[in-house]
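Below: one structure, written as structure tokens.
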Ligand SMILES: Nc1nc2c(c(=O)[nH]1)N[C@H]1C(S)=C(S)[C@@H](COP(=O)(O)O)O[C@H]1N2
Ligand SMILES: [Mo]
């Protein structure tokens with residue numbers, strides 16, 4: 001496999017370009033560019049949702065500068081630094097497969113049809129760190145109901161975008177992942193009220209490094225299930241392949257439920273590093289909770305399953 005490398009932008013280029021792209025995204029997102037008018041709103045129109053947490057959200061700066069998004073590189077700082085060429089608008093989402101009403105829809109039409117709601121969720125990466133993230137998103141169940149899954153549909157397969165011209169990590173063998181990144185959920189997991197398609201963060205349009213223009217959020221599972229920059233959902237009959245499972249099946253399962261009792265083969269999952277809690281004595285560690293603390297809402301999905309076998 002080719003060694004992984006990417007071009008480095010000059011430091012002076014980064015900020016102005018990001019600002020420009022970000023501004024353009026917001027304007028077109030609000031449908032204001034064509035009119036040539038004055039921008040009235042920079043944020044998303046959202047409403048309060050039924051789920052939240054009392055924990056203090058991680059800072060916007062940490063959420064947008066400590067990322068895993070291998071399409072832009074392996075380092076946590078790469079997605080923020082190297083996503084300046086990525087265009088998240090216009091964007092078409094396609095929902096197909098075993099559904100009565102397949103759907104092809106522009107992201108901003110989707111947002112207009114389902115006003116995003118605020119969901120503050122804990123996020124636990126399989127690498128044993130965590131954040132608390134104020135997403136704005138659309139419950140996946142609302143969109144799936146609209147396409148009317150057929151009785152034969154048992155899983156949802158998700159696919160990310162493939163744009164090596166805009167995503168430097170896709171031009172090399174970043175981490176050995178074969179592009180595009182793919183993920184999957186059982187249909188009942190996808191329909192659970194906690195499962196969200198996020199389109200915003202802190203009330204603003206989702207930044208590229210967090211998976212613009214829409215990414216999956218499944219808060220009781222390890223972060224890698226939260227596939228970014230999704231283009232296609234396909235309702236299927238059999239368990240779909242998932243990127244991390246294909247790469248290292250002994251380390252990353254299809255289910256990937258947060259579980260402090262089932263260690264990763266190379267490290268413990270009993271506790272987690274809390275990003276942004278760092279003071280003089282370093283970041284705080286806290287115990288990891290079963291299903292990331294969402295057991296009341298999701299434990300019933302796994303009744304009778306051996307969670308050591310189905311990790
Ligand atoms: N397409 C794609 N989606 C992805 C990844 C990726 O590399 N590519 N990384 C995953 C991992 S490992 C994590 S922890 C989360 C990180 O999301 P965040 O950067 O918004 O916190 O995104 C997930 N979704
Ligand atoms: Mo992760």
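Residue numbers (full-length UniProt numbering): 1 to 311.
C-beta: ideal position from N, C-alpha, C; glycine also.
Keep in mind it's a predicted model, so treat the numbers as computed, not measured.
Residue i - containing beta strand (DSSP E), residue span
i, result
"residue 118", "117-125"
"residue 286", "285-287"
"residue 272", "271-274"
"residue 198", "196-201"
"residue 190", "Counting along the chain, residue 190 falls outside any beta strand (DSSP E), though it belongs to the alpha helix (DSSP H) covering 187-191."
"residue 233", "230-236"
"residue 93", "92-97"
"residue 243", "Unbroken run through residue 243 is the alpha helix (DSSP H), 243-247; no beta strand (DSSP E)."
"residue 161", "Per DSSP, residue 161 belongs to no beta strand (DSSP E) and is neither H nor E."
"residue 216", "215-217"
Same chain only: Cβ atoms within 6 angstroms of residue i, ignoring 5 sequence neighbours per side
i, result
"residue 232", "94 and 159"
"residue 185", "156"
"residue 284", "274 and 277"
"residue 229", "160, 161 and 211"
"residue 101", "147 and 148"
"residue 103", "95 and 147"
"residue 91", "107 and 213"
"residue 312", "Residue 312 lies beyond the range of the chain shown here (1 to 311); nothing can be said about it."
Contacting residues, own chain, Cβ-Cβ under 7 angstroms from residue i (five flanking each side not counted)
i, result
"residue 66", "76 and 275"
"residue 187", "149, 153, 154, 155 and 156"
"residue 312", "Look at the range of the chain in this structure, 1 to 311, and you will see that residue 312 is not part of it."
"residue 80", "64, 65, 67 and 209"
"residue 307", "257, 259 and 262"
"residue 250", "265"
"residue 291", "220, 257, 258, 298 and 299"
"residue 288", "124, 258, 260, 269, 270, 271 and 272"
"residue 60", "202"
Boundaries (first-last residue) of the alpha helix (DSSP H) holding residue i
i, result
"residue 139", "That residue, residue 139, is in no alpha helix (DSSP H); its beta strand (DSSP E) goes 129-139."
"residue 79", "78-82"
"residue 165", "Taken as a continuous stretch (DSSP letters only), residue 165 belongs to no alpha helix (DSSP H), as it is neither H nor E."
"residue 61", "60-65"
"residue 295", "295-298"
"residue 113", "107-113"
Nearest-angstrom beta carbon gap, residue j and residue i [assumed within contact, 8 angstroms]
i, j, result
"residue 115", "residue 46", "7 angstroms"
"residue 86", "residue 208", "5 angstroms"
"residue 136", "residue 44", "5 angstroms"
"residue 126", "residue 252", "7 angstroms"
"residue 194", "residue 219", "6 angstroms"
"residue 206", "residue 183", "About 17 angstroms; that fails the 8 angstroms criterion."
"residue 199", "residue 105", "Not confirmed; about 12 angstroms, so no contact."
"residue 131", "residue 72", "Going by Cβ atoms, the distance from residue 131 to residue 72 rounds to 18 angstroms, so no, they are not a contact pair."
"residue 70", "residue 169", "5 angstroms"
"residue 128", "residue 272", "5 angstroms"
"residue 176", "residue 74", "The pair is not a contact, with the Cβ atoms about 10 angstroms apart (cut-off 8 angstroms)."
Spatial neighbours of residue i in its chain, beta-carbon cut-off 8 angstroms, leaving aside the 5 residues before and after
i, result
"residue 237", "98, 152, 153, 154 and 155"
"residue 118", "46, 47, 48, 49, 52, 134, 135, 136 and 203"
"residue 62", "131, 275 and 276"
"residue 254", "184, 239, 242, 245 and 310"
"residue 165", "85"
"residue 279", "none"
"residue 58", "131, 132, 133, 275 and 276"
Residue i classed as buried or exposed, judged by whether at least 16 other C-beta atoms fall within 10 angstroms
i, result
"residue 248", "exposed"
"residue 221", "buried"
"residue 181", "buried"
"residue 296", "exposed"
"residue 36", "For residue 36, the pLDDT reaches just 33, beneath the cut-off of 50, and the residue's location in the model is therefore unreliable, leaving the point undetermined."
"residue 286", "exposed"
"residue 256", "buried"
"residue 240", "buried"
"residue 309", "exposed"
"residue 305", "exposed"
"residue 78", "buried"
"residue 267", "exposed"
"residue 281", "exposed"
"residue 242", "buried"
"residue 299", "exposed"
"residue 269", "buried"
"residue 56", "exposed"
"residue 54", "exposed"
Ligand 4 heavy atom lying under 6 angstroms from the CB of residue i
i, result
"residue 251", "Ligands in the displayed structure: ligand 1 and ligand 2; ligand 4 is not one of them."
For ligand 1, which residues count as neighbours when the test is a C-beta closer than 5 angstroms to any heavy atom? 67, 68, 69, 70, 125, 160, 181, 210, 223, 224, 226, 227 and 228
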